[in-house]
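Student: Pasting in a structure now, in C-alpha cells, and then I'll have a few things to ask.
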Amino acid sequence: MKKLANFGKLALASLLSLSLIACGGDEEANSDNSTQAAAPAAKAEPIEWKMVTTWPKNFPALGTGAQSLADSITAMSGGRLNVKVYAAGELVPALEAFDAVSRGTAQMGHAASYYWKGKVPAAQFFTSTPFGLTAQEMNSWLHSGGGLELWEEVYEPFNIIPMAAGNSGAQMGGWFNKEINSLEDLQGLKMRMPGIGGEVMARAGATIVNLPGSEMFTALQTGTIDATEWVGPYNDLAFGIYKAAKYYYYPGWQEPGSTIETFINKDAFEALPEDLQLIVRAAARQANAEMLDEFTALNNSALETLINEHNVNLKRFPDAVLAELRTTSDEVLADIAAKDPMSQKVYNSMQAFKTKVEAWHEVSERAIINARAGD
659 MKKLANFGKL ALASLLSLSL IACGGDEEAN SDNSTQAAAP AAKAEPIEWK
709 MVTTWPKNFP ALGTGAQSLA DSITAMSGGR LNVKVYAAGE LVPALEAFDA
759 VSRGTAQMGH AASYYWKGKV PAAQFFTSTP FGLTAQEMNS WLHSGGGLEL
809 WEEVYEPFNI IPMAAGNSGA QMGGWFNKEI NSLEDLQGLK MRMPGIGGEV
859 MARAGATIVN LPGSEMFTAL QTGTIDATEW VGPYNDLAFG IYKAAKYYYY
909 PGWQEPGSTI ETFINKDAFE ALPEDLQLIV RAAARQANAE MLDEFTALNN
959 SALETLINEH NVNLKRFPDA VLAELRTTSD EVLADIAAKD PMSQKVYNSM
1009 QAFKTKVEAW HEVSERAIIN ARAGD
C-alpha cells in the first residue's frame, strides 16, 4: 500500500509541477511578448523490455494475462516503457525463462514459480501448496503477511525481483484415462503434475513426468502419460484436453489457489526512474486481480460445456484417497522444509498465516458459504 500511495503522491507532484511551469510561462509571455519560446527538450527514447513466458501465445488467462500486463505497463507509462511479450519457445524455451531473466537476456518473465524448484527449492511455495492457501489467502499472505518479502529474499541471489501477477483460484484435480477409486489406482500411473503436488503423487505411487504445458496434450493423446493436471475448466477446454481423457476429477487438492508470477531482472528494474518502478508494481497488482476475476467468471460455463457438449465424466476423488493425499502432503512439505533453511523459513511463515486465517474463515467465508447452501 505504501508503494501505491507513493505512486499517487508522485503523480500529484508531477501535475502540480507542470501547472506551475505553465503559469510561469504565461506570466513571462505576458510581460514580454517579444520573448521567444524556449525550444522544447528532446524527448527521451523509450525503454524497450522483453518479457519471456512459459505459456503458449495468447493462451486464455495465462498467455493473455502476460500480454495484458505488458500492455498496461506500456500504456500507464505513456510509452516510456514498452514491453514486448514472447511466448514459450519464441525467444527461449518455456522452462528457461527464469535463467533468461536472471542473466538479462530478457528483462521480465511470466510463469509459475514452482517450475524453478530444481534450482530454487523454496520457489515452489510461492505458487501453491497441497491443501494450502486459497487465492484470497495467498494474496493476503503475500501482500499483508510477509510473504512477498520472503519471496524477494529467495530470488535475491538470482538478481530477480518477483511480483504476483495473477491467480487461477482453486484448480481441478486433473484428467485421467481411468477411474480413481482407491490409492491402488495411482500405482505406476504416469502423470504430469508440477510442483509439490507432483512430489505427493510420486510418494503415493505415481510416476511424475515433467512437461511444459505446450507438450501436455500430445503426451496424453499418445499414451506417454496416463493423466495430467493443467488449471481448470476455462483453460482445459481451450487446450482440448477432453479429446485425450474423459475422467475429470476434483477438488484440486494440489493447487487450491495458484499464484502466477512476473519476475524482473533487478538491474533493469533499478535502472528505471522511480515513477516507472511504481507503474510496474501497480500494473502487476492490477493483473493479479484481473486474472482471478477472469477465471472465477468463466470456469463454470466452461465446465458446463465440457460435461454437456463433450461428455466429460466429472468425478470427485473418494474421501479415502483425499485423506491419504492430505497425510502424504503434510509429510512431503515437512521433508522439503527440513532439507533447505530458506524453504523452512517460508514454510513456517505460510503455516503460521494459514492457522490464523483458518480461524477467521471458519466464522466468515466458510460460515457464509455453508449458510448460503443451507448446510
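If you're matching positions, the sequence shown starts at 659 in my numbering and goes up one per residue.
Where is the CB? At the ideal position from N, CA and C, for every residue including glycine.
Can you round the beta-carbon distance between P914 and A960 to whole angstroms, since I take them to be within the 8 Å contact cut?
Tutor: Translated into positions along the sequence shown, residue 914 becomes position 256. Translated into positions along the sequence shown, residue 960 becomes position 302. Not confirmed; about 19 Å, so no contact.
Student: Hey, quick one: how far does the alpha helix (DSSP H) through E932 stretch, first residue to last?
Tutor: What you label residue 932 is simply residue 274 of the sequence shown in a count that begins at 1. First-last of the alpha helix (DSSP H) with E932: 932 to 968.
Student: Please confirm if Y744 has its CB atom under 8 Å from at least one CB of chain D.
Tutor: Of the protein chains in the structure, only one exists, and it is not chain D.
Student: Kindly provide the ranges of any alpha helix (DSSP H) runs that are 4 or more residues long and lie completely inside the segment 885 to 921, ordered along the chain.
Tutor: If we require 4 residues or more, the alpha helix (DSSP H) runs fully inside the segment 885 to 921 come out as 891 to 897.
Student: In terms of alpha-carbon separation, which member of Y900, M830, P815 lies closest to N957?
Tutor: The residue you call residue 957 lines up with position 299 of the sequence shown. That would be M830, whose Cα lies nearest to the Cα of N957.
Student: Compute the Euclidean distance between the alpha carbons of E811 and G1032, then round it to the nearest angstrom.
Tutor: Your numbering for residue 811 matches position 153 in the sequence shown. Your numbering for residue 1032 matches position 374 in the sequence shown. Straight-line Cα distance between these residues: approximately 45 Å.
Student: Which parts of the segment 779 to 833 are runs of the beta strand (DSSP E), unbroken and 3 residues or longer, counting only runs that do not cross its ends?
Tutor: Scanning the segment 779 to 833 from its first residue to its last, the whole beta strand (DSSP E) runs of 3-plus residues come out as 818 to 825.
Student: Between Q794, Q765, G767, D757, which has its C-alpha nearest A947's C-alpha?
Tutor: Position 289 of the sequence shown, counted from the first residue, corresponds to residue 947. Taking A947 as reference, the option from Q794, Q765, G767, D757 with the minimal CA-CA separation is Q794.
Student: CB Y773 to CB E837, shorter than 8 Å?
Tutor: Stepping through the sequence shown from its first residue, residue 773 is reached at position 115. Stepping through the sequence shown from its first residue, residue 837 is reached at position 179. No, Cβ-Cβ distance for Y773 and E837 is not below 8 Å.
Student: Runs of 3 residues minimum, wholly inside the segment 702 to 776: which ones carry the beta strand (DSSP E) assignment?
Tutor: 705 to 711, 739 to 744, 766 to 769
Student: Nearest by alpha-carbon distance to E703: which of T792, S726, S826, R738 is it?
Tutor: If you number the sequence shown from 1, residue 703 lands on position 45. The shortest C-alpha separation from E703 is found at R738.
Student: Please classify K1012: does DSSP put it in a helix, a strand, or coil?
Tutor: As a working note, residue 1012 is residue 354 in the sequence shown. In this structure, K1012 counts as helix in the three-state DSSP scheme.
Student: Our contact map puts Q782 next to G881 with C-beta atoms below 8 Å; I'd like the distance itself, whole angstroms only.
Tutor: On the sequence shown, position 124 is the one that residue 782 refers to. On the sequence shown, position 223 is the one that residue 881 refers to. Not a contact, Cβ separation roughly 28 Å.
Student: Check for me: the beta strand (DSSP E) holding K973 runs from which residue to which?
Tutor: Here residue 973 is taken as the residue at index 315 of the sequence shown, counted from 1. Residues 971 to 974.
Student: Check T865 in the structure and name its three-state DSSP category.
Tutor: Your numbering for residue 865 matches position 207 in the sequence shown. Three-state DSSP puts T865 in a strand.
Student: Check the DSSP bridge columns for R850 and list the partner residues they point to.
Tutor: Residue mapping note: residue 850 aligns to position 192 of the sequence shown, counting from 1. DSSP, once it has assigned bridges, lists T886 as partnering R850.
Student: If you run the structure through DSSP and keep just helix, strand and coil, what is N1028?
Tutor: As a position in the sequence shown, residue 1028 is number 370, starting the count at 1. Helix, per DSSP.
Student: Could you tell me whether the segment 917 to 927 touches the segment 864 to 874, where touching means 3 or more Cβ pairs closer than 8 Å?
Tutor: Cβ pair count under 8 Å is below three, so no.
Student: Which residues bound the alpha helix (DSSP H) around A929?
Tutor: For the purposes of this step, residue 929 is identified with residue 271 of the sequence shown, where counting begins at 1. Run containing A929: none; DSSP gives neither H nor E here.
Student: Cα separation between L662 and F784?
Tutor: Residue numbering aside, residue 662 sits at position 4 when the sequence shown is read from its first letter. Residue numbering aside, residue 784 sits at position 126 when the sequence shown is read from its first letter. Here L662 scores only 43 on pLDDT, less than 50, and its place in the model should not be relied on; the value that follows carries that caveat. When rounded, the distance between both Cα atoms is 22 Å.
Student: Can you check whether the CB of I883 is closer than 8 Å to the CB of R850?
Tutor: Start at 1 with the first residue of the sequence shown, and residue 850 comes out as number 192. Start at 1 with the first residue of the sequence shown, and residue 883 comes out as number 225. Their beta carbons are under 8 Å apart, which means R850 touches I883 by this criterion.
Student: Please report how far the alpha carbon of A864 lies from the alpha carbon of D843, in whole angstroms.
Tutor: Working through the sequence shown from its first residue, we reach residue 864 at position 206. Working through the sequence shown from its first residue, we reach residue 843 at position 185. About 9 Å.
Student: DSSP three-state call for N835: helix, strand or coil?
Tutor: The residue given as residue 835 occupies position 177 in the sequence shown. Coil at N835, not helix or strand.
Student: Once you ignore the five residues that flank S730 on each side, which residues in its own chain have a CB closer than 8 Å to its CB?
Tutor: The residue given as residue 730 occupies position 72 in the sequence shown. Taken in chain order, the residues that qualify are A941, Q944, A945.
Student: Whether or not the segment 741 to 748 and the segment 710 to 729 are in contact is what I'm after, with contact meaning three or more pairs of Cβ atoms, one per stretch, closer than 8 Å; do they touch?
Tutor: yes
Student: Take P751 as the anchor and find which of A769, G736, V741, M734 has the nearest alpha-carbon.
Tutor: Walking along the sequence shown from the start, residue 751 turns up at place 93. Among A769, G736, V741, M734, the Cα nearest to that of P751 belongs to A769.
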